[in-house]
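Input: a single structure, listed below in C-alpha cells.
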Amino acid sequence: MRSTHRITTRVITAMLCTAALAATCGLAACGSSQTSSSGASTSKRTDFVLGGLFPETGSLSYVAPAQMAAFKLAAQDINAAGGVLGKSITTTIADVSDADHADQNTAGLQSVLSKNPSVIVGNPSSGVVKNTYHEAEGSKVVMISNGATAASLSGISDYFYRTVPPDTVQGAVLADTIAQDGVQKLAIACFNDEAGNGIRDVVVKHLQSAGVDIVYGEKESFDPTEKNFSSLASSIKASNPDAVLVITFDQTVPLIKSLSSVGVNTKHLYFFDGNMSDYSKTLDAGMLEGDKGTVPGAIATAEFRKRLKTIDSSLTTYTFSAETYDAVVLAALAAQKGGSTDSGTVKDNLASVSGTDGGTKCTSYRACITALKNGKDITYSGLAGIGPFNTKHDPSSASIGVFTYDASNLPQFDHSQTGKVS
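What follows is the structure in C-alpha cells.
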C-alpha cells in the first residue's frame, strides 16, 4: 500500500540504522549462512528461515491479521509438500507498526534479522519499506513487500522485490474511472505520507491530461495524525467539487463524517486500496452508495478465504493476503531452485521462478517443486495473478480491481483491468 490495503470478507479487502543490530550476532555472518559482498553464497545452507514484518499496531493494523494468516498458511503448505531442500521451514514474525513509528520499524526489523532469515516478507507499507530496506540490504537479506506500491520503490535495491504493482498502474485505472464517470471538478483529501502523495500525484497527472480540473488537493495534504477534519472539510466544500477523492487510512470515517456535516455529497466519493473497506457498521446506511474505488492485486477467492480462516477464524478483511502467500512461495521456490537457503541465493533466483526464463507453469508449491526436482524451469502462477518480475523487481503485469459501494456501504466487485508495469 502506498502504505497499504483494506477490503472486506465479502469482496476483497508501514528508519533504521543502529549499531545494536551488529550486536545481534553480526547478522550477515551469523548462523550457517556465509555471504560474500555480492550476496552470493560461499557455503551451502539448508535451513530456510522465513521472516515476516507486519503492522500489528498502528494505522495499518487492520490489514495485519489476513497477511499473517496467509504467511502462516503458505509456510504450512510448503512444509506439507516436503519443505525446502528436504527440510521443514521455520518462521519468525515481528510487529513494525506504521511509518509514524520509526522506533518500532527498527525494533521489528532487528528482531527478525537476529534470526538470520533467508527472506523477509513484508512490510505492506511503502513508508515502512523506505525506513527499513537499507538495513536489510546492508545485511544482505532480501525483502519482498506484499503491499508497498510507491512508484519510487521500483528498482530501489537488488535486495527488494514486491508482489504488487507500483502506484503508476492503480493510479491510471483510478483516474480513468473518475474521468469516465464524467467528473469535471475533483477535490482530493490526501494525507501527507509516501502512500498518499504517491497515488495522488499519479491520479492528478492522468486527470489533468484528461481535462479534469483539480479544484482542491493537487498539492495540499494533511498530517496523518490529524483528528479534527472540520477545516479540511470546509475547504473542500468551498472548492465546489463534483466529487472527492479520499486518500486516507484510518482517518477515513471521521473525514467522511466531517464532509457530510458541511454538506459535501458523500455519494460522489472515490477511494483507493488503503481505505476500500466495509463501512456498514461505521457509517449510516446508504452514505456511500454508488461510490467507487480501486484495489491493486488479486481478490481473495472463496476457497482461499476458507483456508485462511483455518489459521485465523476471526478474519473479516483479506487485504494483500494473496500477495503475501505468493511472496512466501516464490522465496521458497527460489531457494529450492538455487540449492541453498541463504538470502543471496533466494535473491538470485526469484526472477527465474516467477517466470522470467519461461518454463513449466505451476500453480502450487507442490507442483512447482516437483518440476524443479525434474530439472525444469518454472513459472509460478500464484494467487495474486502477477506477471514475472521485471528488471526493477516489480511484477511485469498485475490486475486492478474496480469496486462500487452498495446501499449497505459494502464494496462490491465490478470489474478488473490488467495493467502492464513499465
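Going left to right, the sequence shown walks through residues -28 to -1, 1 to 394 as mature numbering (1 follows the signal peptide of the UniProt record, and there is no 0) numbers them. We treat Cβ as the ideally placed atom computed from N, Cα and C, and that holds for glycine. The model shown is predicted, which means the values in this text are computed figures rather than measured ones.
Residue j beta carbon less than 9 Å from that of residue i
| i | j | result |
| --- | --- | --- |
| Val56 | Gln308 | yes |
| Gln142 | Gly391 | yes |
| Ser31 | Asp222 | yes |
| Val374 | Gly262 | no |
| residue 427 | Phe361 | Nothing about residue 427 can be read from this structure; the chain reaches only from -28 to 394. |
| Ala38 | Thr342 | no |
| Val91 | Ser315 | yes |
| Ser252 | Asn381 | yes |
| Ala356 | Gly269 | yes |
| Gly189 | Ala161 | yes |
| Ala240 | Ala215 | The sequence as given places His at residue 240; Ala does not occur at that position. Yes, Cβ-Cβ distance for His240 and Ala215 is below 9 Å. |
Residue span of the alpha helix (DSSP H) that contains residue i, given as start and end
| i | result |
| --- | --- |
| Ser232 | 224 to 233 |
| Asp173 | 166 to 181 |
| Asp298 | 293 to 310 |
| Val100 | 98 to 110 |
| Val84 | 74 to 85 |
| Gly265 | Element bounds for Gly265: not the alpha helix (DSSP H) but the beta strand (DSSP E), 264 to 268. |
| Val91 | Where Val91 is concerned, there is no enclosing alpha helix (DSSP H), although the beta strand (DSSP E) it sits in stretches over 91 to 93. |
Residue environment, residue i, which counts as buried when at least 16 other CB atoms sit within 10 Å
| i | result |
| --- | --- |
| His178 | buried |
| Thr335 | exposed |
| His387 | exposed |
| Asn212 | exposed |
| Ser10 | Legend: pLDDT at Ser10 = 39, less than 50; position of this residue unreliable, value from coordinates given subsequently. Classification of Ser10: exposed, given that the 10 Å Cβ count is below 16. |
| Asp298 | buried |
| Ala304 | buried |
| Lys112 | buried |
| Thr317 | buried |
| Lys199 | exposed |
| Glu275 | exposed |
| Leu(-2) | Any answer about Leu(-2) is weak, because its pLDDT of 34 lies below 50 and its placement is not dependable; what the coordinates show is given next. Counting Cβ neighbours within 10 Å, Leu(-2) comes out buried, since at least 16 surround it. |
| Ser249 | buried |
| Val393 | buried |
| Lys345 | exposed |
| Asp165 | buried |
| Asp320 | buried |
Residue from the options whose Cα sits closest to the Cα of residue i
| i | options | result |
| --- | --- | --- |
| Ala272 | Leu287, Ala161, Phe163 | Leu287 |
| Ala159 | Ala167, Val145, Val176 | Val176 |
| Leu59 | Asp19, Ala182, Gly24, Gly246 | In the sequence as presented, Leu is not what sits at residue 59; that position holds Lys. Of the listed residues, the one whose Cα sits closest to Lys59 is Asp19. |
| Phe43 | Ser117, Leu85, Thr78, Glu109 | Ser117 |
| Gly359 | Ala41, Thr135, Asn103, Gly80 | Thr135 |
| Met259 | Gly154, Thr376, Ala147 | Thr376 |
| Leu85 | Thr64, Ala74, Ala71 | Thr64 |
| Phe201 | Thr149, Asp153, Leu125, Val234 | Val234 |
| Val267 | Lys278, Arg279, Asp245, Asp284 | Asp245 |
| Ser293 | Ala46, Gly23, Glu28 | Ala46 |
| Ala71 | Asn51, Ser33, Arg338, Asp49 | Ser33 |
| Ile171 | Val236, Ile219, His106 | Ile219 |
DSSP three-state assignment for residue i, whether helix, strand or coil
| i | result |
| --- | --- |
| Ile61 | coil |
| Tyr290 | coil |
| Pro37 | helix |
| Asp366 | coil |
| Lys281 | helix |
| Gly391 | strand |
| Lys191 | coil |
| Gly23 | strand |
| Arg134 | strand |
| Leu(-13) | Confidence is the limiting factor: at Leu(-13) the pLDDT is only 32, short of 50, which leaves the residue's position unreliable and the question unanswerable from this model. |
| Gln156 | coil |
| Gly331 | coil |
| Ser371 | strand |
| Leu204 | helix |
| Ser211 | coil |
| Asn381 | coil |
| Leu241 | strand |
Extent of the continuous beta strand (DSSP E) run through residue i
| i | result |
| --- | --- |
| Tyr251 | No beta strand (DSSP E) contains Tyr251, which DSSP labels as neither H nor E. |
| Val218 | 215 to 219 |
| Ile271 | Run containing Ile271: none; DSSP gives neither H nor E here. |
| Ser117 | 115 to 117 |
Test: residue i CB closer than 9 Å to a CB of chain B
| i | result |
| --- | --- |
| Leu57 | Looking for chain B here will not work: only one protein chain is present. |
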